[in-house]
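**Student:**
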Amino acid sequence: MTKYIDSGKNDTRSGFGDGLTELGLENENVIAFCADLTPSLKMGPFAKNHPERFFQSGIAEANMVGMAAGSTIGGKIPFIGTFAAFATGRVYDQIRQSVAYSNKNVKIAASHAGVTLGEDGATHQILEDIGLMKMLPGMVVINPCDYNQTKAATKAVAEYVGPVYLRFGRPKVANFTPADQKFEIGKALMLNEGSDVTIVATGHLVWEALLAAEELESKGIKAEVINIHTIKPLDVNAIIKSVEKTGCIVSAEEHNVFGGFGESVARELSQTNPVPQEFVGVNDSFGMSGTPAQLMDKYELNAAAIVKAVEKVISRK
Amino acid sequence: MASTQELENFCTQVRRDILRMVHAVNSGHPGGSLGCTEFVSTLYQEVMDYNSDSFSMDGQGEDLFFLSNGHTSPLFYSVLARSGYFPVSELATFRKLDSRLQGHPTNHDGLPGIRMASGSLGQGLSNGIGSALTKKLNGDDKIIYTLHGDGEIQEGQIWEAALFAAHNKVDNLIMTIDANGMQIDGPTKDVLGLDSIKAKFEAFGWEVMELAEGNNPAKIKEALQEAKLRTGKGKPVCIVMKTEMGNGVDFMMGTHHWHGQAPNDEQLATALEQNPETLGDY
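Line by line, the protein sequences are chains W and F. Each residue of the first sequence is one higher than the one before, starting from 2 at the first, in the working numbering. Each residue of the second sequence is one higher than the one before, starting from 22 at the first, in the working numbering.
1) Quick one: residues in its chain with C-beta nearer than 8 angstroms to the C-beta of S73/F, no 5 flanking neighbours on either side, listed in chain order?
2) Excluding the 5 residues flanking V68/F on each side, which residues of the same chain have their C-beta closer than 6 angstroms to its C-beta?
3) Mind checking whether S252/W and G263/W have CB atoms under 8 angstroms apart?
4) By the criterion of Cβ-Cβ separation under 8 angstroms, what are the contact partners of R54/W in chain F?
5) Rounded C-beta distance between N193/W and L211/W? I'm assuming under 8 angstroms.
6) Would a check of beta-carbon distances place E83/F closer than 8 angstroms to chain W?
7) May I have the straight-line CA-CA distance separating R121/F from K157/F, to the nearest angstrom?
8) Rounded to the nearest angstrom, what separates H51/W and I81/W at their Cα positions?
9) Counting Cβ pairs closer than 8 angstroms, one from the stretch 15-29 of chain W and one from the stretch 149-161 of chain W, do we hit at least three?
10) Quick one: grab the DSSP three-state call for R168/W.
11) Compute the distance between the beta-carbons of V229/F and L55/F, then report whether it is under 8 angstroms.
12) Along the chain, where does the alpha helix (DSSP H) that runs through Q293/W open and close?
13) Just to make sure I have the definition right: I need the residues of chain W whose C-beta is within less than 8 angstroms of the C-beta of A224/F. Which are they?
14) Please report the residue range of the beta strand (DSSP E) in which N50/W lies.
15) Taking C-alpha atoms, which residue in H44/F, E265/F, P238/F, I39/F lies nearest to Q66/F?
16) May I ask you to list the residues that DSSP assigns as paired with L168/F?
17) Rounded to the nearest angstrom, what separates G267/F and Q98/W at their Cα positions?
18) Which same chain residues end up closer than 7 angstroms to S110/F when comparing Cβ atoms and leaving out the 5 residues on each side of it in sequence?
19) Show which residues of chain W have a CB atom less than 8 angstroms away from the CB atom of N201/F.
20) Using a C-beta to C-beta distance shorter than 9 angstroms, which residues of chain W count as neighbours of I150/F?
21) From the beta carbon of Q126/W, is the nearest beta carbon of chain F less than 8 angstroms away?
22) Flag A61/W as yes if its beta-carbon sits less than 8 angstroms from any beta-carbon of chain F, otherwise no.
23) Give a yes or no on whether the minimum CB-CB distance between Y102/W and chain F is below 8 angstroms.
24) Under 8 angstroms, with one C-beta from each stretch per pair, do the stretch 225-243 of chain W and the stretch 134-154 of chain W reach the 3-pair mark?
25) Looking at the unbroken alpha helix (DSSP H) that takes in H44/F, where does it start and where does it end?
26) Is D94/W close to chain F? Criterion is C-beta to C-beta, closer than 8 angstroms.
27) At what residues does the beta strand (DSSP E) containing M262/F begin and finish?
28) Assess, as a yes-or-no matter, whether the stretch 117-133 of chain W is touched by the stretch 183-201 of chain W under the definition of 3 or more beta carbon pairs within less than 8 angstroms.
29) If we cut at 8 angstroms on Cβ distances, does S94/F have a partner in chain W?
30) Count the other CB atoms, across all protein chains shown, that sit within 10 Å of the CB of M44/W; report buried if there are 16 or more and exposed otherwise.
31) Could you spell out the range, first to last residue, of the alpha helix (DSSP H) harbouring G149/F?
32) Classify K313/W as helix, strand or coil using the three-state DSSP reduction.
33) Going by C-alpha distance, which of A175/W, Y102/W, V281/W is nearest P126/F?
34) Please confirm if E265/F has its CB atom under 8 angstroms from at least one CB of chain C.
35) In or out: A202/W buried (at least 16 other Cβ within 10 Å) or exposed?
36) Have a look at I205/F and T264/F and give me their C-alpha separation to the nearest angstrom.
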């Protein structure tokens, strides 16, 4: 199978921070708001380089969202940074009315998504944010898989006009996509071609899907692995094309299976190409404290869980 | 600048529009709309600089207004139409299927003059501050105006925004609070008392003015001119404006009954008699 090399573990939030730093230097219309989490979101360099374009919002996320929406009037491109839990659930109504319904060019930069936030526990580990955001008409939902891709995505969303939810995480994870990649919103990326099963993964689960494919290969199963960095709009054609070949699919995400990415896949396939599907994700529960690795294991969000799901879905063909 | 009589005629026609619009669909919010008629009319007819002939979302070089208490939409629509943003005849589509004049204001359907949806309360001050920040970054010295209900400021987001605006010296912003003392469940002092709004905003670091006659166009104009003089001095400006809910229709005044209640045929006729046609009905 296609080999992917981890060029050195790094966190996706640093991909965001570094992308934002470059944007600051390249585009004077880019501005940023942060709700008292500047170091966590890696927004310090932008704030230092452009103090006039950086707005410390304090621990007041609702106001931050509303201000960002207003700031687009006059041509600014605001990025708002906080943890995914506070960037979505806490301010859902503000995003719904002032950003989505008002169709404002706001980029919601949501870090520390999912259980890999780790020790802080369930209050901070949102597993419902993809669902909340994908339900909003007009909202683009992106969950890149590694440092390089998050950086590329950050720069790409500044070019796109319209509201975007950009989801990333806290831990250092494998960095295996090209540093010079061009990020195309809504375009799925074929990582490994196979004929027995399709694995569609998003975010941190993409690397796990590649590890799973390696293990499956040793068992004689050829897995096709597709990186779905954009959950909405979903690259339906790429998924359909793949299942026409493989006849079954596993979706993998660091999110509740209720309302998540896998449900979007199932909804599309059920209408045109119904095939057996298994869902790797959190099964309708909250997270808890622990190390990221322990939590990925406990909630079955890793390569081993994907292998198990693949074996099950193939048996259902 | 319009003469006092012209401005009063404008307000009378706006009141007629509001009454006829909510009556036609038997829904909407006449009380607060009538109470703020003089304010919004004066703002658009006498105070703000804007280009209604060719509406641009960015509004560069224009004063901008955000209606935060969006339920007063019939007032907003009437003033916008009669200020040239869209044909007055379109007021007849208010709250009807596929209209650009939704129950609560929105830019979603492209209605000129509106830059932000409102309805869910407490968001307009944040929106206004955001656009004020952008005006400063763009070197645009025009002013941002926002309007809020007094009940609305029970929303916590208002106080987040109030903190931010003072801390960051957002001094190109004039917020007006419609202090009519009423909300859906009754007098504001009984529902969730606000006590001294002036003292609260002063404590938050704002420049605060009180306008006792918020239904008097001449006094409103005076207050807004004074408020403009107080911009650019390092503090956001707040006007606490006393109004009478339902102003201009005797049986709608002094009660919160007409907050979200449309008049019936007979009530409409009485109300319109008290507000004779001045600029031509839509």
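Ideal Cβ placement from N, Cα and C applies to all residues, glycine included. Since we're looking at a predicted model, the values are computed, not measured.
**Tutor:** Short version:
1) The residue you call residue 73/F lines up with position 52 of the second sequence. Result list for S73/F: L101, S104, G105, Y106, P133, G134, in chain order.
2) Taking the first residue of the second sequence as position 1, residue 68/F is located at position 47. Once the five neighbours on either side are set aside, the close Cβ partners of V68/F are L245.
3) On the first sequence, residue 252/W is found 251 positions in, with the first residue counted as 1. On the first sequence, residue 263/W is found 262 positions in, with the first residue counted as 1. Yes.
4) Walking along the first sequence from the start, residue 54/W turns up at place 53. L158, listed in chain order.
5) Here residue 193/W corresponds to residue number 192 of the first sequence, with the count starting at 1. Here residue 211/W corresponds to residue number 210 of the first sequence, with the count starting at 1. Their Cβ separation, rounded to whole angstroms, is 7 angstroms, which keeps N193/W and L211/W in contact under 8 angstroms.
6) Reading the second sequence from its first residue, position 62 is the one you call residue 83/F. Answer no: the Cβ-Cβ gap between E83/F and chain W never drops below 8 angstroms.
7) Within the second sequence, residue 121/F is the residue found at index 100, counting from 1. Within the second sequence, residue 157/F is the residue found at index 136, counting from 1. In a straight line, the C-alpha of R121/F is about 31 angstroms away from that of K157/F.
8) As a first step, residue 51/W is located in the first sequence; it is residue number 50 there, counting from the start. As a first step, residue 81/W is located in the first sequence; it is residue number 80 there, counting from the start. When rounded, the distance between both Cα atoms is 15 angstroms.
9) yes
10) The residue you call residue 168/W lines up with position 167 of the first sequence. Three-state result, R168/W: strand.
11) If you number the second sequence from 1, residue 229/F lands on position 208. If you number the second sequence from 1, residue 55/F lands on position 34. Cβ atoms of V229/F and L55/F: not closer than 8 angstroms.
12) As a working mapping, residue 293/W is identified with position 292 in the first sequence. Strictly speaking, residue 293/W in this sequence is Pro, with Gln absent from that position. It spans 293-299 - the alpha helix (DSSP H) in which P293/W sits, taken as one unbroken run.
13) The residue given as residue 224/F occupies position 203 in the second sequence. Those within 8 angstroms of A224/F in chain W number zero; the least Cβ separation is about 17 angstroms.
14) For the purposes of this step, residue 50/W is identified with residue 49 of the first sequence, where counting begins at 1. From DSSP, N50/W is part of no beta strand (DSSP E) but of the alpha helix (DSSP H) over 45-50.
15) Here residue 66/F corresponds to residue number 45 of the second sequence, with the count starting at 1. Checking every option, the nearest Cα to that of Q66/F belongs to P238/F.
16) In the second sequence, counting from the first residue as 1, residue 168/F sits at position 147. Partner(s): L88/F, T197/F.
17) By 1-based counting over the second sequence, the position of residue 267/F is 246. By 1-based counting over the first sequence, the position of residue 98/W is 97. Computed Cα separation, rounded: 28 angstroms.
18) Against the second sequence, residue 110/F aligns to sequence position 89. Y303, listed in sequence order.
19) Residue 201/F sits at position 180 when you count from the first residue of the second sequence. By Cβ distance, chain W contributes nothing, its closest Cβ being about 23 angstroms from N201/F, past 8 angstroms.
20) If you number the second sequence from 1, residue 150/F lands on position 129. Residues of chain W passing the Cβ test: N64, G67, M68, G71, S72.
21) Walking along the first sequence from the start, residue 126/W turns up at place 125. By this cut-off, Q126/W is not an interface position.
22) The residue you call residue 61/W lines up with position 60 of the first sequence. Chain F, which has a Cβ nearer than 8 angstroms to the Cβ of A61/W, makes this yes.
23) As a first step, residue 102/W is located in the first sequence; it is residue number 101 there, counting from the start. Yes, because at least one Cβ of chain F sits closer than 8 angstroms to the Cβ of Y102/W.
24) yes
25) For the purposes of this step, residue 44/F is taken as residue 23 along the second sequence, with counting starting at 1. 25-46 is the span of the alpha helix (DSSP H), which, as asked, contains H44/F.
26) Translated into positions along the first sequence, residue 94/W becomes position 93. Yes, contact with chain F.
27) In the second sequence, counting from the first residue as 1, residue 262/F sits at position 241. Segment 258-263, the beta strand (DSSP E) holding M262/F.
28) no
29) The residue given as residue 94/F occupies position 73 in the second sequence. No, its Cβ sits nowhere closer than 8 angstroms to a Cβ of chain W.
30) Here residue 44/W refers to the residue found at position 43 of the first sequence. It counts as buried.
31) Position 128 of the second sequence, counting from 1, holds the residue named residue 149/F. First-last of the alpha helix (DSSP H) with G149/F: 145-158.
32) One-based indexing of the first sequence puts residue 313/W at position 312. Looking at K313/W - three-state DSSP - the assignment turns out to be helix.
33) In the second sequence, counting from the first residue as 1, residue 126/F sits at position 105. Of the listed residues, the one whose Cα sits closest to P126/F is Y102/W.
34) The question asks about chain C, but that chain is absent: this structure's protein chains are W and F.
35) Residue 202/W sits at position 201 when you count from the first residue of the first sequence. With 16 or more Cβ atoms within 10 Å of its Cβ, A202/W is classed as buried.
36) Here residue 205/F is taken as the residue at index 184 of the second sequence, counted from 1. Here residue 264/F is taken as the residue at index 243 of the second sequence, counted from 1. Each residue's alpha carbon lies about 16 angstroms from the other.
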